[in-house]
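Enquirer:
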Amino acid sequence: MMGRNSVLEKLRARARNAIGKPAPYGMDVDFKRFLEYRPRRLLSVFGEKGRVARVGIDLSASTRSGYFYQTDSRVELYRSLVPGVEIMPTGQAVEEKWDEIEDFFWRIVPVDTDKYTALTFLKGVHGYYVRVKKNTRVRLPIQACLLMSGGAQLIHNIIVLEEGAEATLITGCAIAPEVLGLHVGVSEFYVERGAKLVFAMIHSWNQVTHVRPRSAALLGDEAVYASYYLNMSRTRSVQTIPRIIARGKRSRAYAASIILGQGDSVYDIGTYAILSGEESSSELVSRFVVKDRARAVSRLRIDGVASKVRGYTECRGLLLSDGSSVEAIPHLMGSNPDSDLFHEASIGKLREDEVEYLMLKGFRYEEAVSMLVRGFVDVELKYPTPEVERSLTTMLDALAKRSV
Amino acid sequence: MLRVVELAVEVDGIRVVKRASLEIRRGEVILLLGPNASGKSSLLNAIAGLPRFKIVRGDVLLDGDSIKDLEPSERVKLGIALAVQHPPKLRGIRVRRLLEKLIAGREGSIIRVRREIERISKVLDIGELLDRDYGAGFSGGEMKRVEVATLLALKPRIALVDEPDSGVDVDSVLLIASALDLMVEQGTEAILLVTHSGFIARHVKHDRAYVMLDGKVVAEGSSTRILNLVLERGFAAVKGWG
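Heads up: the protein sequence lines correspond to chains A and B, in order.
FYI, numbering that gives the first Met the number 0 numbers position 237 of the first sequence as 236, with every residue one higher than the one before it.
FYI, numbering that gives the first Met the number 0 numbers position 214 of the second sequence as 213, with every residue one higher than the one before it.
(1) With C-beta atoms as the reference, is Met211 of chain B less than 8 Å away from Ser40 of chain B?
(2) Does any C-beta atom of chain B lie closer than 8 Å to the C-beta of Met433 of chain A?
(3) Nearest to Ala80 of chain B by CA position, among B:Ile157, B:Arg18 and B:Gly33, is which residue?
(4) Could you tell me which of B:Ala82, B:Leu60, B:Pro50 and B:Asp64 sits nearest to Phe70 of chain B, measuring between CA atoms?
(5) Can you have a look at Gly26 of chain B and say buried or exposed, based on whether 16 or more other CB atoms are within 10 angstroms of its CB?
(6) Would you please verify whether the beta carbon of Gly347 of chain A is less than 8 Å from any beta carbon of chain B?
(7) Taking the DSSP output, what are the residues bridged to Val8 of chain B?
(8) State the CB to CB distance for the pair His125 of chain A and His155 of chain A, rounded to an integer number of angstroms; the pair is presumed to be in contact (CB under 8 Å).
(9) Determine whether the Cβ of Tyr356 of chain A lies closer than 8 Å to any Cβ atom of chain B.
(10) What is the residue span of the alpha helix (DSSP H) that Thr234 of chain A lies within?
(11) Would Leu21 of chain B and Val167 of chain B qualify as a contact pair, given that the criterion is a beta-carbon distance under 8 Å?
(12) Note down, in chain order, every chain A residue with its Cβ under 9 Å from the Cβ of Glu70 of chain B.
(13) For a contact defined as C-beta to C-beta under 7 Å, what are the partners of Ala47 of chain B on chain A?
(14) Report yes or no: is there a C-beta of chain A within less than 8 Å of the C-beta of Val145 of chain B?
(15) Rank A:Leu121, A:Pro176 and A:Tyr128 by C-alpha distance to the C-alpha of Leu41 of chain A and give the top, closest one.
(16) Measuring only the C-alpha atoms, how far is Ala260 of chain A from Arg224 of chain B?
(17) Could you please give the first and the last residue of the uninterrupted beta strand (DSSP E) stretch that includes Ser280 of chain A?
(18) Closest by CA to His330 of chain A, which one among A:Glu278, A:Asp321, A:Gln142 and A:Leu283?
(19) In terms of residue numbering, what span does the alpha helix (DSSP H) encompassing Ile29 of chain B cover?
(20) For Pro329 of chain A, write down the residues that DSSP places opposite it in a beta bridge.
(21) Where DSSP assigns a beta bridge to Ser221 of chain B, which residues make up the other side?
(22) Of the residues that make up the stretch 318-350 of chain A, which ones have a beta carbon closer than 8 Å to any beta carbon in chain B?
(23) Please report whether the beta-carbon of Pro163 of chain B lies at a distance below 8 Å from any beta-carbon of chain A.
(24) Using CA atoms only, rank isn't needed, just tell me which of A:Gln238, A:Glu351, A:Glu94 and A:Gly123 is closest to Ile258 of chain A.
(25) To the nearest angstrom, how far is the alpha carbon of Thr149 of chain B from that of Leu98 of chain B?
(26) Residues of the stretch 302-315 of chain A in Cβ contact with chain B at a cutoff of 7 Å, in chain order, please.
(27) Taking the DSSP output, what are the residues bridged to Asp132 of chain B?
(28) State the Cα-Cα distance for the pair Arg235 of chain A and Gln152 of chain A, rounded to the nearest angstrom.
(29) Look up Gly269 of chain A in the DSSP assignment and give the residues it is bridged to.
(30) Report yes or no: is there a C-beta of chain B within less than 8 Å of the C-beta of Met370 of chain A?
(31) Provide the residue span of the alpha helix (DSSP H) that contains Glu255 of chain A, from first to last.
(32) Does the contact criterion of 3 or more C-beta pairs under 8 Å hold for the stretch 238-257 of chain A versus the stretch 284-303 of chain A?
(33) May I ask you to list the residues that DSSP assigns as paired with Phe67 of chain A?
(34) Would you decide whether Asp267 of chain A is buried or exposed? Buried here means 16 or more other CB atoms lie within 10 Å of its CB.
(35) Excluding the five sequence neighbours on either side, which residues of its own chain have a C-beta within less than 7 Å of the C-beta of Leu174 of chain B, listed in chain order?
(36) Out of curiosity, what's the CA-to-CA distance linking Arg63 of chain A and Leu168 of chain A?
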């Protein structure tokens, strides 16, 4: 095992080499003005109860198993409320628990992936480390809130579910209105043998914020990983393709991305599942509702590498305005004759007969549209606990209302 | 109660109802008969207020007041509801959810709403459809029963029912007929029932009938007499009759 300083030095060298490396997709962002930006007003999570509630954060501890609150690069509060769950800032874990964290530190998201991962490493370690101990089953969600007053927020999260553990993690990210923002969130998820993780990420940005999540999940034998991404805010741009490496035998992955694109927002959002575990499976779905001049690209990719794998992608786009657009790019690769992979994709507008039908049942035009949008985004909620199901349902209801 | 006066209706500039007058009185079940494409559904859609069915002449009066400029939702509030001939599929909208929303418009309590849904589902035998997407994979009979369920949920003063017997099995027709009877019992004051086969009319008490041919209401009178005449000699036999 290499010493911490040696590892950090090697990572630093790789990061420096990648600091000018653009991402293959999405608009390129110049860091400088975000790094130099100084917001006039500094927010705090507890001073923004309404704002954080809109991204699924419930500040009453009674509904959660643990929490981690960070504003900009300042950790406000963190605590585990149940035995078997460890929560702390990633930087602290690097300092105090290097032996424990080393195997999970920049292992499945390479530090030189692109300029955003490189910058995140080079600007110091922020974000949270969550570890759920072996066979610990956490009933209530763990929640993390990442709030921005403006400028650049560079986060590195590490989430480890040991063998047989079960947990749900809700991460809500938000920013003050009308301030410049660049949010880079690197998240590494390690779901070990027989463990189950449900991860919900809810974003609320503003029209001058760029967002670059960089995530990966590694699944052990019979592990289950379900991810939900919701964004219903105007956002200057979001570009992300989280990877799910289903390396374990009979591991299962489910990922749903749901966005309401408004204004001039540009989204390039995908998921990439690598089914390298025998009999592993993945289901990737996206529902993109766009209006105004919003543009969205959905990239759903599955590589079926091992034997007897099953994969399914489903991308649906709904255009609510003439100037908006959705591009669906499904991508399947099978290298094993007994893999079973297929995809569905569709893009269209609301059907007039459906709107009229609901109007005949007594709904006003706006109500009818909202109901149909709610139906459109009604993806199957797989593996959620009742609390997450309630939270996601509330968010999807809000998305439908905002669509009109 | 409801009077349609010399109505002409256009869809995309094409006149689909040329001249239609009829009256629906309290306590009546009226049949509106006519062959395919005679304008029956267009007339109902215009009465219900769909903007695509543009009234270019005449009026629709409810209790003496014109409602022709009202939105469909406002007409529903006044008690006019339509069960359409071909309901669309609504992806992601469960039957139960839609019924809940319709009932919640008049019942505040969640318990009452749930109780009402149970009652409606028993009457129309749609219990197994409640948690499915609206119309997705439904048979013709199932679709019609669910459509009539929306009327029971709305409890309108005047129910406009478009071809509840087309493409439907006998058992479904019987269930729909009993649901229409129940609507009257629970306060619906009048029903305008469109049929071109007359099949549903065998199972529902009715009072008067109108006949539409080529976009015009051409006959009015005793529903039994008109129905018998139509079933024996066809629609042409009633032109100018009554």
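All C-beta atoms in this analysis are idealised placements derived from N, C-alpha and C, irrespective of residue type, glycine included.
Expert: The structure says:
(1) Position 212 of the second sequence, counted from the first residue, corresponds to residue 211 of chain B. Position 41 of the second sequence, counted from the first residue, corresponds to residue 40 of chain B. Taking 8 Å as the Cβ cut-off, Met211 of chain B and Ser40 of chain B do not qualify as a contacting pair.
(2) Because residue 433 of chain A is not part of the residues shown, which for chain A are 0 to 403, the question remains open.
(3) Position 81 of the second sequence, counted from the first residue, corresponds to residue 80 of chain B. Nearest in C-alpha terms to Ala80 of chain B, of all of B:Ile157, B:Arg18 and B:Gly33, is B:Ile157.
(4) Working through the second sequence from its first residue, we reach residue 70 of chain B at position 71. Position check: residue 70 of chain B holds Glu in this sequence, whereas Phe was assumed. Nearest C-alpha to Glu70 of chain B: B:Pro50.
(5) Walking along the second sequence from the start, residue 26 of chain B turns up at place 27. With fewer than 16 other Cβ atoms within 10 Å, it is exposed.
(6) Counted from its first residue, the first sequence places residue 347 of chain A at position 348. It does not: the Cβ of Gly347 of chain A has no partner Cβ on chain B nearer than 8 Å.
(7) Position 9 of the second sequence holds residue 8 of chain B. Note: Val8 of chain B sits in a beta bridge opposite B:Val16 and B:Ile54.
(8) Here the question's residue 125 of chain A lines up with position 126 in the first sequence. Here the question's residue 155 of chain A lines up with position 156 in the first sequence. Right, the Cβ-Cβ distance comes to about 7 Å (below 8 Å), so this counts as a contact.
(9) Here residue 356 of chain A is taken as the residue at index 357 of the first sequence, counted from 1. Yes, because at least one Cβ of chain B sits closer than 8 Å to the Cβ of Tyr356 of chain A.
(10) Stepping through the first sequence from its first residue, residue 234 of chain A is reached at position 235. Taken as a continuous stretch (DSSP letters only), Thr234 of chain A belongs to no alpha helix (DSSP H), as it is neither H nor E.
(11) For the purposes of this step, residue 21 of chain B is identified with residue 22 of the second sequence, where counting begins at 1. For the purposes of this step, residue 167 of chain B is identified with residue 168 of the second sequence, where counting begins at 1. At least 8 Å separates the beta-carbon of Leu21 of chain B from that of Val167 of chain B.
(12) Here residue 70 of chain B corresponds to residue number 71 of the second sequence, with the count starting at 1. Within chain A, the residues near Glu70 of chain B are Met358, Arg363 and Tyr364.
(13) By one-based count along the second sequence, residue 47 of chain B stands at place 48. Neighbours of Ala47 of chain B on chain A, chain order: Leu359.
(14) On the second sequence, position 146 is the one that residue 145 of chain B refers to. Not a single C-beta of chain A is nearer than 8 Å to the C-beta of Val145 of chain B.
(15) By 1-based counting over the first sequence, the position of residue 41 of chain A is 42. Among A:Leu121, A:Pro176 and A:Tyr128, the Cα nearest to that of Leu41 of chain A belongs to A:Pro176.
(16) Stepping through the first sequence from its first residue, residue 260 of chain A is reached at position 261. Stepping through the second sequence from its first residue, residue 224 of chain B is reached at position 225. Just to set this straight, residue 260 of chain A is Gly in the shown sequence, not Ala. Distance between the alpha carbons of Gly260 of chain A and Arg224 of chain B: 60 Å.
(17) For this step, residue 280 of chain A is matched to residue 281 along the first sequence. In the DSSP assignment, Ser280 of chain A falls within the unbroken beta strand (DSSP E) covering Ser280 to Val289.
(18) Residue numbering aside, residue 330 of chain A sits at position 331 when the first sequence is read from its first letter. Minimum Cα distance to His330 of chain A is reached at A:Leu283.
(19) Counted from its first residue, the second sequence places residue 29 of chain B at position 30. Per DSSP, Ile29 of chain B belongs to no alpha helix (DSSP H); it is in the beta strand (DSSP E), Val28 to Leu32.
(20) As a first step, residue 329 of chain A must be located in the first sequence, where it is residue number 330. Under DSSP, Pro329 of chain A takes part in a beta bridge, and its partners are A:Leu299.
(21) If you number the second sequence from 1, residue 221 of chain B lands on position 222. Ser221 of chain B has B:Arg207 as its beta-bridge partners, per DSSP.
(22) From the stretch 318-350 of chain A, only Arg350 have a Cβ closer than 8 Å to chain B.
(23) Here the question's residue 163 of chain B lines up with position 164 in the second sequence. It does not: the Cβ of Pro163 of chain B has no partner Cβ on chain A nearer than 8 Å.
(24) Start at 1 with the first residue of the first sequence, and residue 258 of chain A comes out as number 259. The shortest Cα separation from Ile258 of chain A among A:Gln238, A:Glu351, A:Glu94 and A:Gly123 belongs to A:Gln238.
(25) Here the question's residue 149 of chain B lines up with position 150 in the second sequence. Here the question's residue 98 of chain B lines up with position 99 in the second sequence. Using only the alpha carbons, I get a separation of about 6 Å.
(26) Residues of the stretch 302-315 of chain A that bring their beta carbon within less than 7 Å of a beta carbon in chain B are absent altogether.
(27) Within the second sequence, the letter at position 133 stands for residue 132 of chain B. Asp132 of chain B is bridged to B:Arg93.
(28) Locating residue 235 of chain A in the first sequence gives position 236, where the first residue counts as 1. Locating residue 152 of chain A in the first sequence gives position 153, where the first residue counts as 1. Between Arg235 of chain A and Gln152 of chain A, the C-alpha separation is close to 16 Å.
(29) What you label residue 269 of chain A is simply residue 270 of the first sequence in a count that begins at 1. In the DSSP output, where bridge partners are listed per residue, Gly269 of chain A has A:Arg298.
(30) Here residue 370 of chain A is taken as the residue at index 371 of the first sequence, counted from 1. At least one chain B Cβ lies under 8 Å of Met370 of chain A.
(31) Residue numbering aside, residue 255 of chain A sits at position 256 when the first sequence is read from its first letter. It should be pointed out that residue 255 of chain A corresponds to Ala in this sequence rather than to Glu. Careful: Ala255 of chain A lies outside any alpha helix (DSSP H), inside the beta strand (DSSP E) at Arg251 to Gly260.
(32) Taking a cut-off of 8 Å on C-beta distances, the stretch 238-257 of chain A touches the stretch 284-303 of chain A, as three or more cross pairs fall below it.
(33) Residue 67 of chain A sits at position 68 when you count from the first residue of the first sequence. DSSP lists A:Tyr77 and A:Ala143 as partners of Phe67 of chain A.
(34) On the first sequence, position 268 is the one that residue 267 of chain A refers to. Counting of Cβ neighbours within 10 angstroms places Asp267 of chain A among the buried residues, the total reaching 16 or more.
(35) Mapped onto the second sequence, residue 174 of chain B falls at position 175. Result list for Leu174 of chain B: Leu123, Asp124 and Arg144, in chain order.
(36) Here residue 63 of chain A corresponds to residue number 64 of the first sequence, with the count starting at 1. Here residue 168 of chain A corresponds to residue number 169 of the first sequence, with the count starting at 1. Taking the straight line joining both Cα atoms gives about 10 Å.
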